[in-house]
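J.: Take this structure first; my questions come after.
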Amino acid sequence: MQLRPVLGAVFLPLLVIAGLTCAPASGTEATDRAGTGSLEGTVLDGDDGRPLRQISVSAWTDDGATWRARTDDDGRFELPSVDAGREIHVNFFDAAWHQYDGADFPGVVTLAPDEQRDLGVIDLDDGMNLRRSPSALDVTDPAVVTRSWKQDVRGSSRTPSPRIHGCKVARQPERVLRKVAGVINWYRGMAGLDPVVLAPRLNRLAQRSSVIQSYLRSEPLSHDPPRSTRCWSRAGAEAAGRSDLAMGWTGGSAVNAYMSDYGVPSVGHRTPILNPTATAFGSGDAGQYNSLYVYGPNSQKASRPPWISWPSAGYFPYGVTPSTWSLQTSRADVDLRGARVTLTLSTGQRIRALDQTGDTNMLLWTLSASPRRHHDTTVVDVKVSGIKWRGVTQPPLVYTVRILDLSW
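With mature numbering (1 follows the signal peptide of the UniProt record, and there is no 0) applied, the sequence shown corresponds to residues -18 to -1, 1 to 390, in that order.
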């Protein structure tokens, strides 16, 4: 938390809606024989200076007297009728969305009778590294996207899978695992995320899951394989519950299938691969089966782009352009449930966004017609309206996908 004095009026470049009245002071049991004063101030985002609405502000004394308010749309708060002549502690907490870290005002405040004390600007930290990864691909450069696509993705399906002998399977060659890691991190780099490693322990667990999948009889794949399945093990079954599962795709081709998520409206395979906080996955091939252990270690210090779109904004290969597009946010105080999507080609032609579904942090839609493959770049402008930030509708989010003539 940082503190800055207020000098005159504060100008903020965010869309401001008429201020809400702060909640009245409540809960105080103190007497007013020494008189009272008031506390006020402004709470802002410590990174970009936006005013923060609905931040809970509490003041209290050591003997239990309390005063409470919430910030309005301009981030302003006022605590009236605070006892004068007593040591007052002040705290700021995002009780509504838990996006920002709580913070105490440094030291104590003692008011004189009838004093109006301005605590200045209180900057709150959201505790998140809201930025693209320093190692992310430069999606604004078609040459970078083309070169990395050819190097890391195209041809990734040409990797052999170990055969199964009873309940045993040969160890996966390191060169194959390096290729799989390259494919995974190409997708994450396109989305602006930090790379992950393939951890040897998770690779072994994923292989155990794939062996179990190969012996299923009641269904082709299962995240909860029955104990009666041949070669069942507790470790392999638990890995199945933490993995994306595929039959008929192995190695890098399985990763491509998970990211396409064709026929899976929830894009439940793509989402964990694009988890910004993930640090390690595991990939296990056995016969024609793959398990990608995606629910593993995480780091809260990871880079988190405010928006993760797929296809990602910028230049994007035609060969991996999915039928279901997605937009997700890393923020807890953003709501996409009422958001709507409009798609426009550079020619002015509209593409309808069908089956639009949104929850608080992800929006999904399918295209009424896939952009045609051209020998030139196909430009699709995406406009997302109705996004709410801290309960207030924001101006539309607009980004552009430039689809390159790159296929298998």
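C-beta: ideal position from N, C-alpha, C; glycine also.
Report yes if the C-beta distance between G19 and L101 is below 7 Å; otherwise report no.
T.: Mapped onto the sequence shown, residue 19 falls at position 37. Mapped onto the sequence shown, residue 101 falls at position 119. The answer is no: Cβ separation not under 7 Å.
J.: Which residues share a DSSP beta bridge with I51?
T.: As a position in the sequence shown, residue 51 is number 69, starting the count at 1. First, the residue type needs correcting, since residue 51 is Ala and not Ile in the sequence shown. For A51, which the question treats as bridged, DSSP gives the partners V39.
J.: Can you give me the C-alpha to C-alpha distance between D44 and V64, rounded to a whole angstrom?
T.: Taking the sequence shown and counting its residues from 1, one reaches residue 44 at position 62. Taking the sequence shown and counting its residues from 1, one reaches residue 64 at position 82. Computed Cα separation, rounded: 14 Å.
J.: I369 by DSSP, collapsed to three states: which one?
T.: Along the sequence shown, one-based indexing puts residue 369 at 387. Note: I369 maps to coil in three-state DSSP.
J.: Is R384 helix, strand or coil by DSSP?
T.: In the sequence shown, the residue the question calls residue 384 occupies position 402. In the structure shown, R384 sits in a strand (DSSP, three-state: E or B).
J.: Where does E156 sit, in a helix, a strand or coil, going by DSSP?
T.: Here residue 156 corresponds to residue number 174 of the sequence shown, with the count starting at 1. Residue state, collapsed to three classes: helix.
J.: What's the gap between the Cα of G89 and the Cα of R35?
T.: As a first step, residue 89 is located in the sequence shown; it is residue number 107 there, counting from the start. As a first step, residue 35 is located in the sequence shown; it is residue number 53 there, counting from the start. In a straight line, the C-alpha of G89 is about 24 Å away from that of R35.
J.: I need the boundaries of the alpha helix (DSSP H) containing M241, first residue and last residue.
T.: The residue labelled residue 241 in the question sits at position 259 within the sequence shown. Residues G233 to S242.
J.: Just to confirm my understanding: we take S192, look at its own chain, exclude 5 residues before and 5 after, and list those with CB closer than 7 Å. What are they?
T.: One-based indexing of the sequence shown puts residue 192 at position 210. Only G266, D267, A268, Y271, N272 and S273 meet the Cβ criterion.
J.: Could you give the first and the last residue of the continuous beta strand (DSSP E) run that contains V25?
T.: If you number the sequence shown from 1, residue 25 lands on position 43. Its beta strand (DSSP E) spans residues T18 to D27.
J.: Provide the residue(s) that pair with A75 in DSSP beta bridges, ordered along the chain.
T.: On the sequence shown, residue 75 is found 93 positions in, with the first residue counted as 1. According to the sequence provided, residue 75 is Phe. The question's Ala does not apply to it. The partner list for F75 (beta bridge, DSSP) reads S38.
J.: The alpha helix (DSSP H) with V126 in it runs from where to where?
T.: Mapped onto the sequence shown, residue 126 falls at position 144. Note, V126: alpha helix (DSSP H), P124 to D134.
J.: Suppose the cutoff is 6 Å on Cβ atoms and the five residues either side in sequence are ignored; what does the same chain contact list for S367 look like?
T.: Translated into the one-based positions of the sequence shown, residue 367 becomes position 385. Counting only Cβ-Cβ distances below 6 Å, and skipping sequence neighbours, we find R322 and P378.
J.: For residue 391, count neighbouring Cβ atoms within 10 angstroms of its own Cβ and tell me buried if that reaches 16, exposed if not.
T.: The structure shown does not extend to residue 391, since the chain is modelled only from -18 through 390, so no value can be given for it.
J.: Taking the Cβ atom as the reference point for each residue, do D105 and L26 lie within a distance shorter than 7 Å?
T.: Here residue 105 is taken as the residue at index 123 of the sequence shown, counted from 1. Here residue 26 is taken as the residue at index 44 of the sequence shown, counted from 1. Contact: yes.
J.: If you run the structure through DSSP and keep just helix, strand and coil, what is F(-8)?
T.: Looking up residue -8 in the sequence shown gives position 11. Here F(-8) scores only 27 on pLDDT, less than 50, and its place in the model is too uncertain to base an answer on.
J.: Could you tell me the alpha carbon to alpha carbon distance between V179 and G278, rounded to whole angstroms?
T.: Numbered from 1 along the sequence shown, position 197 holds the residue referred to as residue 179. Numbered from 1 along the sequence shown, position 296 holds the residue referred to as residue 278. Taking the straight line from one Cα to the other gives about 11 Å.
J.: Let me check understanding here. Comparing Cα to Cα, which of L256, V383, A188 and R68 lies closest to P293?
T.: By 1-based counting over the sequence shown, the position of residue 293 is 311. Selected option, being the one with the closest Cα: V383.
J.: Would you mind working out which of R313, T339, G340 and P353 sits nearest L325, comparing C-alpha positions?
T.: The count along the sequence shown starts at 1 and reaches residue 325 at position 343. Ranking R313, T339, G340 and P353 by Cα distance to L325 puts P353 first.
J.: Tell me the rounded alpha-carbon separation between S210 and R190.
T.: Numbered from 1 along the sequence shown, position 228 holds the residue referred to as residue 210. Numbered from 1 along the sequence shown, position 208 holds the residue referred to as residue 190. Near 15 Å, if we compare the C-alpha coordinates of R190 and S210.
J.: Given that a residue counts as buried once 16 or more other Cβ atoms are within 10 Å of its Cβ, and exposed if not, what is W390?
T.: If you number the sequence shown from 1, residue 390 lands on position 408. So W390 counts as exposed.
J.: What span of residues does the beta strand (DSSP E) with P299 cover, start to end?
T.: Within the sequence shown, the letter at position 317 stands for residue 299. Segment G296 to P299, the beta strand (DSSP E) holding P299.
J.: Is the separation between the beta-carbon of G308 and that of V361 shorter than 7 Å?
T.: In the sequence shown, residue 308 corresponds to position 326, counting from 1. In the sequence shown, residue 361 corresponds to position 379, counting from 1. It is Ser, not Gly, that sits at residue 308 in the sequence shown. Not a contact, by the Cβ cut-off of 7 Å.
J.: Can you give the Cα-Cα distance for S200 and R332, rounded to whole angstroms?
T.: Against the sequence shown, residue 200 aligns to sequence position 218. Against the sequence shown, residue 332 aligns to sequence position 350. Their Cα atoms are separated by approximately 45 Å.
J.: Between the C-alpha atoms of A295 and R334, what's the straight-line distance to the nearest angstrom?
T.: The residue given as residue 295 occupies position 313 in the sequence shown. The residue given as residue 334 occupies position 352 in the sequence shown. Between A295 and R334, the C-alpha separation is close to 19 Å.
J.: Hey, could you find the ends of the alpha helix (DSSP H) N185 is sitting in?
T.: Position 203 of the sequence shown holds residue 185. Looking at the DSSP string, the run of the alpha helix (DSSP H) that includes N185 is P182 to S196.
J.: In three-state terms, what does DSSP make of V121?
T.: In the sequence shown, residue 121 corresponds to position 139, counting from 1. V121: coil per DSSP, three-state reduction.
J.: How is A221 classed by DSSP in three states: helix, strand or coil?
T.: Looking up residue 221 in the sequence shown gives position 239. DSSP places A221 in helix when its eight states are reduced to three.
J.: To the nearest angstrom, how far is it from the Cα of A12 to the Cα of L175?
T.: Mapped onto the sequence shown, residue 12 falls at position 30. Mapped onto the sequence shown, residue 175 falls at position 193. Unreliable placement is indicated for A12, whose pLDDT of 43 sits below 50; the coordinate value is still reported in the next sentence. So the two alpha carbons sit approximately 52 Å from each other.
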